[in-house]
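In the working numbering, each residue carries its 1-based index in the sequence shown increased by 328. Just so it is clear, CB atoms sit at the ideal spot from N, CA and C, and this is done for glycine as well. The structure appears right after this line, and notes come after that.
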Amino acid sequence: MAEFLTIKTLGDLKSIENSGFEEGLTLEYKSSDALCKEKADDMCKDVSAFANSSGGQIIYGMKEEDKKPKLDAGVSDPKISKEWIQQILNTRLRPRVQVGIERIEITSGHYAFVLTIPPTNTGPHQHTDKRYYHRYEATQLVMDDQEIRDVMRRATTPDLRVSLSFLNGARAGSGNLDRAISGVSA
C-alpha cells in the first residue's frame, strides 16, 4: 500500500508550502476555483487516474507557482462540501472509488480540500465519458488496452512482500533488508 502525506491541518498545508514539494506521480495541486460544478468532470478524471495508477493526493486550495506550492484563498462556496465531492465521484465513476476527504479551514469560511485516493484493487475505474485514465508523471492520460488489463490483474494477483528471519532473531521486510543484513555477523 502506498504511503501518502498526512494532511489534516492548516499547519500541514503550510509545511507543504514551505517545503516546496513538487507535483508528481502521487501529488497534485489544484487552485480553489477548480473545485466547482463546472469542473466536476475534471475532478473525476483526476481521481480515477490516481486510483488506476499508484494512488495519490489532490490538494484543492493550493496552486503551483514556479514549481512551488502556494496556498490560495480557498473554497468559499458553502455548497462545496465533503458530501458534495463524494456524491459527484459516486455518480460519475464506475466502480466507485473510495476517497479520503479532508476539509481544512484556511481563513474564516474559506477551505482547502485534500483528496487521498488509494491505488485500486477493484478497478479499473471508468469515467462517464467511457474512458479509463491513469497518471503518468504529473499528468493524466487515457489508458490503452494493456494498461487496463494490468489494473484488472490487481484484484486477482497477490501483492507479494518479502520477509526474512535471521538466526539472531532479527526480522526484515524488503525495505529493511540492508539494515538487517548489516546487523548479522558472519
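- Restricting attention to beta strand (DSSP E) runs no shorter than 3 residues, the segment 336 to 384 encloses them at 355 to 358, ordered along the chain.
- Following the DSSP letters along the chain, one finds glutamate 475 in no beta strand (DSSP E) but inside the alpha helix (DSSP H) bounded by residues 473 to 481.
- For lysine 410, the uninterrupted alpha helix (DSSP H) run begins and ends at 410 to 420, by DSSP.
- Around the CB of alanine 401, fewer than 16 other CB atoms lie within 10 Å, so the residue is classed as exposed.
- Excluding five sequence positions before and after glutamate 465, the CB atoms of its chain that fall closer than 8 Å to its own CB belong to Gly352, Leu353, given in chain order.
- By the 16-neighbour rule on beta-carbons within 10 angstroms, valine 375 is buried.
- Contact between lysine 373 and glutamine 454 does not hold, since the beta-carbon distance rounds to 11 Å and is not under 8 Å.
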